[in-house]
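Okay, so here's the structure we're looking at.
In the working numbering, the protein residues as written are -11 to 220.
Set out below in structure tokens:
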């Protein structure tokens, strides 16, 4: 299992419960963080990784270091995750090396520009990837998606909260764990699950490609880089 995380902490926010479920059955789970988070946030990532049971973390360190200050409003400036030949090739190589049977990535209409950009980058990498991805799930962070998959994470909810709170630099002035677990609680209750659930949109790589080419929302609204050719 491979989790594409634009920032350090998006993985545990979006699918921390599912990560722990995979780890509990002995699956290898790798998180790859795209933005440069700096030393403090990388240390926090390793602590969270131990809590949820990640097998490995990879730091791509792209773009300027993300802030270690408290949470603020969703930025409306352009994405700081570059979609260019070297980043596409690096992500493709990582996928071909890890050979995941399932991959998790941000929802392409997430209001954070880095999140949308990460999914465009993934599409570009998959377009020429030799590794076949059988299952691809998009997760929610800054905004809810329209899910077609719900995973009961009631038994993993406390672990997920601890993993989110391990990112101390990000939760000093906001209870992010409470907010996200509140969303997970809503997902569960509205679907007759007594507890907590994580929501996902399930797509194939080809379906994702068609969707991204059919909408200009992330690119025009968040100033993402122009796509060229097959996506590279």
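Ideal placement from N, C-alpha and C gives every residue a C-beta, glycine not left out.
Worksheet item: Leaving out five residues before and five after residue -6 in sequence, what residues of the same chain have Cβ atoms less than 7 Å from its Cβ?
Response: Position 6 of the chain shown, counted from the first residue, corresponds to residue -6. Answer for residue -6: 22, 23, 69, 94, 102, 103 and 106, listed in chain order.
Discussion item. Since residue 82 and residue 20 should fall inside the 8 Å C-beta cutoff, what is the C-beta to C-beta distance between them, to a whole number of angstroms?
Written reply: Position 94 of the chain shown, counted from the start, is the residue given in the question as residue 82. Position 32 of the chain shown, counted from the start, is the residue given in the question as residue 20. About 6 Å separates the two Cβ atoms, so the contact holds.
Fill in: Candidates 166, 76, 115 and 182, of which the one nearest residue 139 by Cα
Walking along the chain shown from the start, residue 139 turns up at place 151. Looking at 166, 76, 115 and 182, the one whose alpha-carbon comes closest to that of residue 139 is 182.
Worksheet item: Thinking C-beta only, is residue -4 closer than 7 Å to residue 33?
Response: For the purposes of this step, residue 33 is taken as residue 45 along the chain shown, with counting starting at 1. For the purposes of this step, residue -4 is taken as residue 8 along the chain shown, with counting starting at 1. Taking 7 Å as the Cβ cut-off, residue 33 and residue -4 qualify as a contacting pair.
Worksheet item: Under the three-state reduction of DSSP, which class applies to residue 129: helix, strand or coil?
Response: Indexing the chain shown from 1 puts residue 129 at position 141. Coil at residue 129, not helix or strand.
Fill in: beta strand (DSSP E) runs wholly inside the stretch 4 to 51, at least 3 long, in chain order
18 to 23 and 44 to 50
Practice prompt. Enumerate in chain order the residues of its own chain whose CB-to-CB distance from residue 197 is below 6 Å, with the five nearest sequence positions on each side excluded.
Written response: Stepping through the chain shown from its first residue, residue 197 is reached at position 209. Correct list, in chain order: 111.
Discussion item. Between which two residues does the alpha helix (DSSP H) holding residue 169 run?
Written reply: Residue 169 sits at position 181 when you count from the first residue of the chain shown. Counting along the chain, the alpha helix (DSSP H) containing residue 169 begins and ends at 164 to 177.
Worksheet item: alpha helix (DSSP H) containing residue 90: first to last residue?
Response: By one-based count along the chain shown, residue 90 stands at place 102. Counting along the chain, residue 90 falls outside any alpha helix (DSSP H), though it belongs to the beta strand (DSSP E) covering 90 to 94.
Discussion item. Can you give me the C-alpha to C-alpha distance between residue 36 and residue 168, rounded to a whole angstrom?
Written reply: What you label residue 36 is simply residue 48 of the chain shown in a count that begins at 1. What you label residue 168 is simply residue 180 of the chain shown in a count that begins at 1. Rounded to whole angstroms, residue 36 to residue 168 spans 16 Å at the Cα level.
Worksheet entry | Bridge partner(s) assigned by DSSP for residue 186 | Within the chain shown, the letter at position 198 stands for residue 186. The partner list for residue 186 (beta bridge, DSSP) reads 139.
Worksheet item: Would you report the Cα separation of residue 174 and residue -1, rounded to the nearest angstrom?
Response: What you label residue 174 is simply residue 186 of the chain shown in a count that begins at 1. What you label residue -1 is simply residue 11 of the chain shown in a count that begins at 1. For residue 174 and residue -1, the distance between alpha carbons rounds to 20 Å.
Practice prompt. Take residue 120 as the anchor and find which of 149, 90 and 137 has the nearest alpha-carbon.
Written response: Position 132 of the chain shown, counting from 1, holds the residue named residue 120. Cα-wise, what sits closest to residue 120 is 90.
Fill in: CB-CB length for residue 41 against residue 18, believed under 8 Å
Residue mapping note: residue 41 aligns to position 53 of the chain shown, counting from 1. Residue mapping note: residue 18 aligns to position 30 of the chain shown, counting from 1. Not a contact, Cβ separation roughly 12 Å.
Worksheet item: In whole angstroms, what separates the C-alpha of residue 203 from that of residue 88?
Response: Position 215 of the chain shown, counting from 1, holds the residue named residue 203. Position 100 of the chain shown, counting from 1, holds the residue named residue 88. Rounded to the nearest angstrom, the two C-alpha atoms are 27 Å apart.
Worksheet item: Between residue 108 and residue 188, is the Cβ-Cβ spacing less than 7 Å?
Response: As a first step, residue 108 is located in the chain shown; it is residue number 120 there, counting from the start. As a first step, residue 188 is located in the chain shown; it is residue number 200 there, counting from the start. Taking 7 Å as the Cβ cut-off, residue 108 and residue 188 do not qualify as a contacting pair.
Practice prompt. List the DSSP bridge partners of residue -7.
Written response: On the chain shown, position 5 is the one that residue -7 refers to. Answer is 21, bridged to residue -7.
Worksheet entry | Neighbour-count burial assignment, residue 172, 16 or more Cβ in a 10 Å radius | Numbered from 1 along the chain shown, position 184 holds the residue referred to as residue 172. Around the CB of residue 172, 16 or more other CB atoms lie within 10 Å, so the residue is classed as buried.
Worksheet item: Looking at residue 92 and residue 190, is the spacing between their C-beta atoms short of 7 Å?
Response: Along the chain shown, read from residue 1 onward, the residue named residue 190 stands at position 202. Along the chain shown, read from residue 1 onward, the residue named residue 92 stands at position 104. No, the Cβ-Cβ distance between residue 190 and residue 92 is not below 7 Å.
Practice prompt. Identify, in the order they occur along the chain, each residue of the same chain with its Cβ nearer than 6 Å to the Cβ of residue 142, setting aside the five sequence neighbours on each side.
Written response: The residue you call residue 142 lines up with position 154 of the chain shown. Only 183 and 184 meet the Cβ criterion.
Practice prompt. Return the bridge partner residues of residue 191 from the DSSP annotation.
Written response: Taking the chain shown and counting its residues from 1, one reaches residue 191 at position 203. Residue 191 is bridged to 124.
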